[in-house]
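Novice: Before I ask anything, let me first share the structure, which is written out below as structure tokens.
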Amino acid sequence: MDRDTAIGGPQGRFPSTQASLVEAAAAGLTSEALERVMALYWKPVYRYIRLKFRKNNEDAKDLTQAFFAAALERDFFARFDPAKASFRTYLRMAVERFAANQHAAASRQKRGGDVEFEPVEEQAATTESPEEIFEREWRRQLFSVALDDLRAYCEGCGKQLQFRIFEAYDLAGGERPSYALLAARHGIAETAVTNHLAWARRTLRALVNERLRGVTSGEQELRKEMRLVWM
Amino acid sequence: MDVSDAVVDHLRRVAALPDLTGTRYELESEIGRGGLGVVYRAHDRQLDRCVALKILDSALAGEAQLIARLEHPAIVPIYETGTLPDGRVFYAMKLITGARLDEYLAGSPSLGERLRVLRRVGEALAFAHTRGAIHRDLKPQNVMVGEFGEVYVMDWGVDGVAGTPAFRAPDARLDERSDIYSLGALVQFLLPASALPALRAIAAKAMNADPGARYPDVPALLDDVERFQEGLAVEAWSEPVWHRLRRFGSRNAVLLWLLAAYAGVKFVLFFLRRL
Numbered sequence: 001m002d003r004d005t006a007i008g009g010p011q012g013r014f015p016s017t018q019a020s021l022v023e024a025a026a027a028g029l030t031s032e033a034l035e036r037v038m039a040l041y042w043k044p045v046y047r048y049i050r051l052k053f054r055k056n057n058e059d060a061k062d063l064t065q066a067f068f069a070a071a072l073e074r075d076f077f078a079r080f081d082p083a084k085a086s087f088r089t090y091l092r093m094a095v096e097r098f099a100a101n102q103h104a105a106a107s108r109q110k111r112g113g114d115v116e117f118e119p120v121e122e123q124a125a126t127t128e129s130p131e132e133i134f135e136r137e138w139r140r141q142l143f144s145v146a147l148d149d150l151r152a153y154c155e156g157c158g159k160q161l162q163f164r165i166f167e168a169y170d171l172a173g174g175e176r177p178s179y180a181l182l183a184a185r186h187g188i189a190e191t192a193v194t195n196h197l198a199w200a201r202r203t204l205r206a207l208v209n210e211r212l213r214g215v216t217s218g219e220q221e222l223r224k225e226m227r228l229v230w231m
Numbered sequence: 232m233d234v235s236d237a238v239v240d241h242l243r244r245v246a247a248l249p250d251l252t253g254t255r256y257e258l259e260s261e262i263g264r265g266g267l268g269v270v271y272r273a274h275d276r277q278l279d280r281c282v283a284l285k286i287l288d289s290a291l292a293g294e295a296q297l298i299a300r301l302e303h304p305a306i307v308p309i310y311e312t313g314t315l316p317d318g319r320v321f322y323a324m325k326l327i328t329g330a331r332l333d334e335y336l337a338g339s340p341s342l343g344e345r346l347r348v349l350r351r352v353g354e355a356l357a358f359a360h361t362r363g364a365i366h367r368d369l370k371p372q373n374v375m376v377g378e379f380g381e382v383y384v385m386d387w388g389v390d391g392v393a394g395t396p397a398f399r400a401p402d403a404r405l406d407e408r409s410d411i412y413s414l415g416a417l418v419q420f421l422l423p424a425s426a427l428p429a430l431r432a433i434a435a436k437a438m439n440a441d442p443g444a445r446y447p448d449v450p451a452l453l454d455d456v457e458r459f460q461e462g463l464a465v466e467a468w469s470e471p472v473w474h475r476l477r478r479f480g481s482r483n484a485v486l487l488w489l490l491a492a493y494a495g496v497k498f499v500l501f502f503l504r505r506l
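Residue numbers (the numbering used here), protein chains in the order written: chain A, 1 to 231; chain B, 232 to 506.
Next comes the structure, spelled out in structure tokens:
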């Protein structure tokens, strides 16, 4: 299987207090809202299309791009009703409809209607459904974007040391270094390592919540999403 | 920045840890996670004792205070409520040591003991209802039986709790009657396999899909259980005649034995006189 695309990756800027989707749509800030949505959802949508419709990298990328372009044109946010479903569910269903229509149209163009599916090894190797993978990918992307926000924020306010300690400890893929080792490496006390880590984690939490605020309809949905992420 | 699922899971855990700066508590370990909050074991530096610390979303501050006002022997006492620097609320409560109800039942307690636990749970619920609080998520995992046999109902729900499917009423909006449904499900859970039909009927009535057909309140359900324990007919079950006779027999066994003895003596005397 060819490698996933990197399009739609992190934005790398500190978000100010973000308007909810409903507020953004009411204020006519659709493209700004879409930008926030794309930052979090481009990858999950792309992965979902790839797995659900067995598309290759380029086709999935084109379909994802086409979906977001269509969303901007078709009053996508105005049709979202928070009373019926969360924004994430609404978006996934919209992607499914859009991709299914595009897929059917592409099939009709082929002689005899035969469709060539791209083998997707990951799908064969996992018991997770495309919907579950969409959720997992969304969560990963949320943290990924918030981590970029955190890095940018630390650089902006001279807290690079805090970020380096946080990166070395909390983002370690394998075994985590001890606090003593980190303290010795940076020439600070162990208690300072504890404090720096606590600060970075608190800030990350706030940044994750801020990102969530930008892609939910309001306080009620935000609270639900926060519970989903943190519990 | 690309991150693995393992790192995301770690971040979800550590970034949710409460910042207890400015409080008297020191975090020790996580005890469990519920629908709306995470419970930690913490050390109270001022009183040098361990407490359970529940962290809730800031929107639930009012509900946390409502729960804190529930003072009842079968409700875990709340020592203090407060707000964390990030706006979340916490409440410190007694750290209960004992067994969860599902673990407690593994020791096969007697029917009488099971019904004692049920009564304590019911009394706590009835009390909470009089104070305008509902549990919303009553289930065996939220009932603790302490070292001295004391019973505690824990994890009082706050608005937004979805409940646990096997114990949750099918009601669109949760209220006192929904708690009665959950209590009925708890009765069913508490019953041994050989439970009598009267007790099963009590559980079934409490769990009726129609809230109006359930017991009107928790005391009514407890009264029915008490009637069962006293050998009286329960409201939930129209028993067959043979069952009524059997119940009458077991309830008036002494009287019936005396009457039988009297009849026996009279019978013997009758023949003795004829000799």
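Backbone N, C-alpha and C fix where the C-beta goes; we use that ideal spot for every residue, glycine too.
Is it a yes or a no for the stretch 438 to 450 of chain B touching the stretch 351 to 361 of chain B, going by three-plus beta-carbon pairs under 8 Å?
Specialist: yes
Novice: Grab the span of the beta strand (DSSP E) containing A/V215 for me, first residue to last.
Specialist: A/V215 -> no beta strand (DSSP E), and no H or E assigned at all.
Novice: Can you pull the DSSP bridge partners for B/M324?
Specialist: B/A283, B/I309
Novice: Taking A/E135 as the reference, which of A/A24, A/A60, A/E32, A/W42 has the closest Cα?
Specialist: Relative to A/E135, the option among A/A24, A/A60, A/E32, A/W42 whose CA is nearest is A/W42.
Novice: Rounded to a whole number of angstroms, what is the C-alpha to C-alpha distance between B/V412 and B/P423?
Specialist: At residue 412 of chain B the sequence reads Tyr, which differs from the Val that was named. One C-alpha to the other measures close to 19 Å.
Novice: Given a cut-off of 8 Å on the beta-carbon distance, is the pair B/R362 and B/L284 in contact?
Specialist: For B/R362 and B/L284, no; Cβs fall outside 8 Å.
Novice: Beta strand (DSSP E) containing B/I262: first to last residue?
Specialist: Looking at the DSSP string, the run of the beta strand (DSSP E) that includes B/I262 is 256 to 264.
Novice: Roughly how many angstroms lie between the CA atoms of B/A491 and B/M438, to the nearest whole one?
Specialist: 43 Å
Novice: Whole angstroms is fine: what's the gap from A/T127's alpha carbon to A/D62's?
Specialist: 27 Å
Novice: Would you decide whether B/S341 is buried or exposed? Buried here means 16 or more other CB atoms lie within 10 Å of its CB.
Specialist: exposed
Novice: What residues from the stretch 156 to 179 of chain A come within 7 Å of chain B, judged by C-beta to C-beta, listed N to C?
Specialist: Against chain B - using a Cβ distance shorter than 7 Å - the residues of the stretch 156 to 179 of chain A are D170, L171, G173.
Novice: Can you check whether the CB of A/R213 is closer than 8 Å to the CB of A/L222?
Specialist: yes
Novice: At 7 Å on the CB atoms, spell out the chain A contacts of B/L267, in chain order.
Specialist: R227
Novice: From the beta carbon of A/A20, is the nearest beta carbon of chain B less than 8 Å away?
Specialist: With the sequence shown as reference, residue 20 of chain A is identified as Ser, and Ala is not the correct amino acid for it. Chain B contact via Cβ: absent.
Novice: Enumerated in chain order, which unbroken segments of the alpha helix (DSSP H) with a length of 4 residues or greater are wholly contained in the stretch 360 to 420 of chain B?
Specialist: none
Novice: Would you mind working out which of B/T254, B/D410, B/I306, B/R345 sits nearest B/V456, comparing C-alpha positions?
Specialist: B/R345
Novice: May I ask you to list, following chain order, the residues of the stretch 56 to 81 of chain A that have a beta carbon less than 7 Å from some beta carbon of chain B?
Specialist: none
Novice: B/A403 touches chain A at which residues, Cβ-Cβ below 9 Å?
Specialist: Correct list: empty, because the minimum Cβ distance to chain A is about 14 Å.
Novice: Quick check on the DSSP output: the alpha helix (DSSP H) that includes B/G495 runs from which residue to which?
Specialist: 484 to 505
Novice: Can you tell which of B/V307, B/V238, B/D441, B/R458 has its C-alpha closest to the C-alpha of B/P375?
Specialist: In the sequence as presented, Pro is not what sits at residue 375 of chain B; that position holds Met. The option with the nearest alpha carbon to B/M375 is B/V307.
Novice: When you compare the CB of B/H274 with every CB in chain A, is at least one pair closer than 8 Å?
Specialist: no
Novice: In chain B, which residues lie with their C-beta within 7 Å of the C-beta of A/W230?
Specialist: R243, A247
Novice: Take every Cβ of the stretch 174 to 184 of chain A, pair it with every Cβ of the stretch 141 to 154 of chain A, and state whether three or more of those distances are shorter than 8 Å.
Specialist: Segments in contact, no.
Novice: When you compare the CB positions of B/R272 and B/E257, do they come within less than 8 Å of one another, or not?
Specialist: no
Novice: Excluding five sequence neighbours on each side, which residues of the same chain lie with their C-beta closer than 7 Å to the C-beta of A/A78?
Specialist: A25
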